[in-house]
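Residue numbers (the numbering used here), protein chains in the order written: chain A, 2 to 505; chain B, 3 to 351.
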């Protein structure tokens with residue numbers, strides 16, 4: 002079976018007010034290796050889901066071998082040989098490679114004839130691009146081997162058009178080269194088409210024939226990789242530099258306040274996610290950490306916030322060792338605004354007023370006689386903060402989990418900025434998923450904290466946000482800080498290459 | 003937090019559904035379900051005499067309910083209540099017998115303290131296993147129940163045994179004036195006071211103190227509790243200790259008010275029934291007061307089922323089990339229930 006010819010014309014897909022994909026066209030003749038490049042949230046995943054018929058496009062049409070693709074049926078895509086390998090593994094860890102491959106068959110009978118299956122499987126593995134022992138248990142495999150099994154699974158299901166969603170984010174550079182190289186050979190033999198979702202330029206240049214760049218849902222550029230260089234591609238991905246910022250900075254930075262001294266942390270899967278992060282934030286300064294999601298930023302924030310064990314290093318505030326205990330947080334006036342505040346910074350079933358009081362409830366005036374809780378003081382403080390930070394609806398007794406995302410963020414912001422004069426503020430993607438009005442409000446608050454003399458560390462996947470707010474910017478890639486610049490001197494192409502893990 | 007409609011309708015609906023299913027069960031046994039419910043009502047709440055029976059059963063339930071309800075506020079599910087009752091009772095009888103020469107009040111105080119310490123450490127251990135070592139407190143609590151019962155048998159048949167207790171092994175009895183008394187003119191013992199005071203103190207602790215607030219934050223979201231610097235480990239272990247201490251007192255009350263000595267009756271199932279009470283009460287200490295009396299009435303009525311309908315004693319366990327199942331099921335209904343004419347659950351921006 003030959004790879005199908007896939008053509009998308011003028012695809013537009015909106016979710017509510019958000020145009021996730023805006024008039025994007027793409028033609029992939031049989032036997033190409035094509036890259037889909039873009040920052041997080043640029044619309045890559047949405048476009049691919051339209052290509053697979055997973056989402057109906059609002060406008061535009063997807064044609065497979067010249068016929069329009071019927072939408073809403075995974076079997077239809079499978080019939081045309083379209084398959085996808087997701088970023089997160091979908092294998093059953095307690096089962097063997099062979100069992101996982103057979104399990105994936107859509108027409109699995111009630112009773113499996115293992116003998117026959119094994120023969121079929123052995124046949125298949127003989128001419129497969131890479132070898133994995135069919136009897137090893139998935140849980141004993143490395144990430145690279147698991148990724149190979151995922152790809153083998155698709156090939157076993159006779160996929161001829163393979164979509165890979167950031168497949169190398171879990172692989173070492175050597176593993177990535179090996180896997181992509183072998184797929185490249187299959188493409189060269191005309192057995193397969195590959196659409197590679199990525200943000201790594203190196204992979205685009207090394208393996209892909211063509212590239213389509215998405216930026217905020219729009220097609221920012223496309224072409225043959227032979228005709229492009231990385232500077233041109235970074236410019237397409239990042240867009241032009243933004244206009245001047247509206248809110249002024251009223252002071253210049255003072256002496257050092259927050260010092261991260263070689264912080265290390267281990268991620269959920271047990272791999273080292275944060276490696277020797279070392280930086281200083283001064284008084285009245287915003288230091289930004291840029292990077293593509295999944296390069297250790299989440300683990301870094303959790304380590305700073307005391308939600309994850311620090312395996313190395315230390316935090317210092319004004320020369321004193323800082324530990325995430327209540328006493329020290331208050332003494333160092335250390336506040337944190339994590340991403341996904343409902344999950345990371347609130348107790349969803351407790352009230353808005355109670356959530357706003359989390360920093361101060363055990364100090365006077367909220368605490369009386371050393372142990373009593375003054376519930377009226379908590380309600381009053383909540384009401385005042387709700388008014389000051391325009392939380393809607395303005396009802397303190399409502400469970401915070403019933404509020405919209407932007408209002409949860411406002412309530413948590415109220416707590417973190419109003420529980421005393423801020424000395425250190427650490428924020429992560431504070432505007433993720435919020436509308437423009439809420440974004441401006443939060444940016445103003447961060448700048449205000451800076452102008453009032455706080456040391457602000459802003460971890461963000463939105464480079465525009467960092468260019469607008471930060472005084473200095475670090476780029477984080479694969480758990481390390483790899484690059485430092487200032488917004489004034491920022492070279493977007495260079496930042497893009499650093500984010501994409503390409504050393505220059 | 004305001005009490006919302008579902009907080010009332012959902013448990014009541016679950017109770018109604020359980021009663022319906024249990025009614026079918028009775029009918030299948032050839033007994034008129036309405037007659038069974040009438041008997042249960044009469045035996046539990048029909049007269050002052052039956053009210054007294056109910057209150058006697060309710061007093062250990064109040065304390066056993068707290069054993070699950072208090073740690074639940076800190077986000078830990080404890081079901082090791084039975085074990086905590088047993089070790090509490092063992093601690094109490096040991097303390098009581100070793101202070102038999104002292105004045106009555108001193109001895110009773112020692113008994114209460116020993117019971118709290120034994121029961122408290124028992125549950126705190128189980129909770130600490132979960133928090134620090136990742137062993138589910140449900141599993142360890144269940145296993146520790148068996149361990150406690152084995153320990154009890156070991157002690158009352160061995161070192162603590164009164165040689166004159168032939169058929170059913172027991173410890174030496176407590177001196178008569180070292181036991182808990184009765185409210186005048188009733189057969190309701192003073193153990194009820196421990197239960198009522200326990201629930202009121204627990205309510206105060208949870209709703210009115212900074213410690214209770216910290217506990218609720220840890221129970222509401224561990225990540226947030228860590229973010230604001232709360233010592234989560236200390237909080238949950240302490241909540242487990244307080245819950246276990248309550249169950250321990252229940253064991254002490256059984257020893258010092260009902261049996262006068264330590265014997266197998268310590269393992270009478272009040273601990274397990276306490277779990278039901280806590281879930282019916284949605285882990286609220288004041289709710290525990292209400293539902294201890296209701297469930298106490300059911301337990302008191304179990305004998306009546308045998309006398310009036312020729313049903314075995316265990317029938318009441320079937321009703322308890324059915325109730326528990328429907329209460330747990332009803333938890334999944336929260337938030338999905340649309341009340342006609344009511345406001346939508348989520349509030350838009």
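Where is the CB? At the ideal position from N, CA and C, for every residue including glycine.
Identify the contact partners of residue i in chain B, using a Cβ-Cβ distance below 7 Å as the criterion.
i                      : result
residue 141 of chain A : The premise fails here: residue 141 of chain A is roughly 21 Å from chain B at the closest Cβ pair, so nothing lies under 7 Å.
residue 337 of chain A : 229
residue 326 of chain A : 231
Going along chain A in order, which residues have a C-beta closer than 7 Å to the C-beta of residue i?
i                      : result
residue 215 of chain B : 362 and 374
Taking only beta-carbon positions, decide if residue i is within less than 8 Å of chain B.
i                      : result
residue 368 of chain A : yes
residue 9 of chain A   : no
residue 317 of chain A : no
residue 17 of chain A  : no
Thinking just about the alpha-carbon of each residue, which of the options is nearest to the one in residue i?
i                      : options                       : result
residue 12 of chain B  : B/307, B/97 and B/281         : B/281
residue 144 of chain A : A/177, A/428 and A/358        : A/177
residue 57 of chain B  : B/294, B/228 and B/201        : B/294
residue 31 of chain A  : A/442, A/196, A/47 and A/55   : A/196
residue 216 of chain A : A/250, A/57 and A/237         : A/237
residue 319 of chain A : A/239, A/262, A/308 and A/344 : A/262
residue 172 of chain B : B/44, B/261, B/328 and B/62   : B/261
residue 73 of chain A  : A/58, A/85, A/86 and A/67     : A/58
residue 340 of chain A : A/259, A/387, A/360 and A/463 : A/463
residue 102 of chain B : B/277, B/141, B/179 and B/232 : B/179
residue 278 of chain B : B/157, B/155 and B/84         : B/84
residue 75 of chain B  : B/156, B/234, B/145 and B/316 : B/234
residue 117 of chain B : B/168, B/315 and B/94         : B/94
residue 170 of chain B : B/42, B/29, B/34 and B/267    : B/267
residue 79 of chain A  : A/107, A/11 and A/100         : A/107
residue 469 of chain A : A/99, A/280 and A/291         : A/291
Using a Cβ-Cβ distance under 8 Å, would residue i count as near chain A?
i                      : result
residue 181 of chain B : no
residue 212 of chain B : yes
residue 222 of chain B : yes
Name the chain B residues that come within less than 8 Å of residue i, Cβ to Cβ?
i                      : result
residue 307 of chain A : 228, 229 and 231
residue 330 of chain A : 230 and 231
Identify the contact partners of residue i in chain A, using a Cβ-Cβ distance below 8 Å as the criterion.
i                      : result
residue 219 of chain B : 348, 351 and 359
residue 284 of chain B : Within 8 Å Cβ-Cβ: nothing; residue 284 of chain B doesn't reach chain A, min ~12 Å.
Whose Cβ in chain A lies nearer than 9 Å to the Cβ of residue i?
i                      : result
residue 225 of chain B : 303, 306, 308, 339, 344, 345 and 346
According to the neighbour-count rule (16 or more other Cβ atoms, all chains shown, within 10 Å of its Cβ), is residue i buried or exposed?
i                      : result
residue 477 of chain A : buried
residue 17 of chain A  : exposed
residue 89 of chain A  : exposed
residue 124 of chain B : buried
residue 325 of chain A : buried
residue 186 of chain B : exposed
residue 154 of chain A : buried
residue 285 of chain B : buried
residue 242 of chain B : buried
residue 502 of chain A : buried
residue 226 of chain A : buried
residue 66 of chain A  : exposed
residue 283 of chain B : buried
residue 255 of chain A : exposed
residue 199 of chain B : exposed
residue 386 of chain A : buried
residue 487 of chain A : exposed
Could I get the ranges of all uninterrupted beta strand (DSSP E) runs contained in the segment 57 to 101 of chain A, with 3 residues as the minimum, in chain order?
60 to 65 and 83 to 86
Which ranges would you report for the alpha helix (DSSP H) in the segment 364 to 443 of chain A if only whole runs of at least 4 residues count?
376 to 389 and 406 to 419
Length-filtered (3 minimum) beta strand (DSSP E) runs lying within the segment 128 to 185 of chain B
none
Which runs of the beta strand (DSSP E), 3 residues or longer, sit entirely within the segment 293 to 340 of chain A?
311 to 318, 321 to 323 and 335 to 338
Just list the alpha helix (DSSP H) runs in the segment 120 to 184 of chain A, keeping only unbroken ones of 4 residues or longer that don't cross its boundaries, in chain order.
144 to 157
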